[in-house]
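Report on the structure given below.
So, in structure tokens, the structure goes:
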């Protein structure tokens, strides 16, 4: 098969790495890719939001399957454009991608499906939103309704913090038009888990779970980021909790989406809070998480490519996935200054030494090669040092041994990934 992966981050590197191992694969491209992806796929200089160019490339090269990594192309309608051109695409339609594109839509669908979540209210007027916060008290959650690159949610410990978040999102528009509407939600108490299900419109297949670390500093301190690390499987999500998630949240929502005439095909990423009353829905994403995808792919024993095809073709009811009896852990190395302003172009050395640590796979998220062959950082989150082990502690030890083998003065990482479970 000829496959085109769309995106250029750590998630897409992990997907390319897994797809490249399939005996079904004939040719693999990635648009736009990065320096690490270039080791397993041919990178194509097409932006992930340039839908006409992506479809034209897929058509010209007789691509059999397009695999979309991130949410912006899906919300913009890439799957629909592929379908119109007769190209198979792994990822939901634009209508189904509203589960991530609009948090209001997610809450409306979840309520209609009877999926347990948080109490919520929607606001388009900042004064009304602030008045509601003062009435409800804190802690409380403020969310930009639209896409905000994983940074549109503020868990406010005080009323003042919530009012400041509303001002930032709605008045200063730090997330652009995504902040024209906000949701104010009940603050759920428990452990947060990322749960993934492979969906074909009618059938959902559990695809594993992970816990990630959103805050930039050790001890979960500092501002939220796109994710500074993750580990899988999370001890808090046992089999009973997974079964409850599938029966109470994933399958009812899948049925509600089909009832609305917008069946969901692709990866449904449920952000859960594991509470004393069981799993409750925080939000949906419509793609693999980053860095959770890295943690999942290194544990997957089955061939990924047939699973993606089965999701596209509505054949998951006859499908099964096997997993290695291993734990995985990802440490994200980021450019100094992230998630604020950071410098680009700093040189990274020592990845060969890091890759020699047993059980380690280095995924690239924001890298490129200079003309002299040197590897340089081009993004905020730059590397995902991913390790497997018989225990989570063993995976953690291996991941940090690989981190310490890397020579990158311009980078940093958290030193406590996995602390909650360990």
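Numbering (the numbering used here), first residue to last: 2 to 423. All residues carry an ideal CB built from backbone N, CA and C; glycine is no exception.
Going by C-alpha positions, residue 53 is about 44 Å away from residue 190.
With respect to the C-alpha of residue 369, the residue from 361, 109, 382, 64 having the closest C-alpha is 382. Taken atom to atom, the span from the alpha-carbon of residue 220 to that of residue 421 is near 9 Å. Counting other Cβ atoms within 10 Å of its Cβ, residue 346 stays below 16 and is therefore classed as exposed. In the DSSP assignment, residue 272 is bridged to 195, 284. Below 8 Å, enough C-beta pairs join the segment 82 to 99 and the segment 252 to 272 to call them touching: three or more. With fewer than 16 other beta carbons inside 10 angstroms of its own, residue 62 counts as exposed.
At the C-beta level, residue 12 and residue 291 come within 8 Å of one another. By the neighbour-count criterion, in which 16 or more other beta carbons inside 10 Å mark a residue as buried, residue 315 falls on the exposed side. Listed as beta-bridge partners of residue 33 by DSSP are 8.
Relative to residue 6, the option among 67, 195, 270 whose CA is nearest is 67. DSSP, reduced to helix, strand and coil, places residue 159 outside both helices and strands of the structure shown, so it counts as coil. A residue is called buried when at least 16 other Cβ atoms come within 10 angstroms of its Cβ; residue 182 meets this threshold and is buried. Secondary structure at residue 110: helix, using DSSP grouped into helix, strand and coil. Annotation for residue 168: no alpha helix (DSSP H) segment contains it, and DSSP assigns it neither H nor E.
Between the segment 251 to 258 and the segment 76 to 89 there are fewer than three C-beta pairs closer than 8 Å, too few to call the two in contact.
Look at residue 186 here: in three-state DSSP terms it is strand. DSSP places residue 86 outside both helix and strand once states are collapsed to three, so it counts as coil. In the DSSP assignment, residue 18 is bridged to no other residue. The DSSP-derived three-state label of residue 208 is strand. Each of 293, 276, 385, 224 was checked against the Cα of residue 342, and the nearest Cα belongs to 224.
Cβ atoms of residue 387 and residue 358 stay farther apart than 8 Å, at about 11 Å.
Residue burial is scored here from C-beta neighbours: residue 281 has at least 16 other C-beta atoms within 10 angstroms and is therefore classed as buried. Apart from the 5 residues on each side of it in sequence, residue 104 sits with its Cβ closer than 7 Å to the Cβ of 144, 146, 184, 284 in its chain, given in chain order. Within a 10 Å sphere around the beta-carbon of residue 412 sit 16 or more other beta-carbons, which makes this residue buried. Under the 10 Å beta carbon count, residue 173 is surrounded by fewer than 16 other beta carbons and is classified as exposed.
Beyond the five residues adjoining it in sequence on each side, residue 407 comes within less than 8 Å, by CB distance, of 334, 349, 350, 351, 352, 354, 355, 384, 386 in the same chain, given in chain order. Looking at the DSSP output, residue 123 shares a beta bridge with 184. Residue 247: not part of any alpha helix (DSSP H); DSSP gives it neither H nor E. By the criterion of a C-beta distance shorter than 8 Å, residue 222 is surrounded in its chain by 216, once the five residues flanking it on both sides are discounted. Taking a C-beta distance under 8 Å as the contact criterion, residue 175 and residue 131 do not qualify as a contact pair. For residue 386, there is no enclosing alpha helix (DSSP H); the residue is part of the beta strand (DSSP E) that begins and ends at 382 to 390. The beta carbon of residue 55 is closer than 7 Å to those of 7, 32, 47, 79 in its chain, skipping five residues each way along the sequence. Assignment of residue 236 by DSSP, reduced to helix, strand and coil, places it in the coil class.
In this model, residue 39 and residue 127 are separated by some 46 Å (Cα to Cα). For residue 229, the secondary structure class from DSSP, reduced to helix, strand or coil, is coil.
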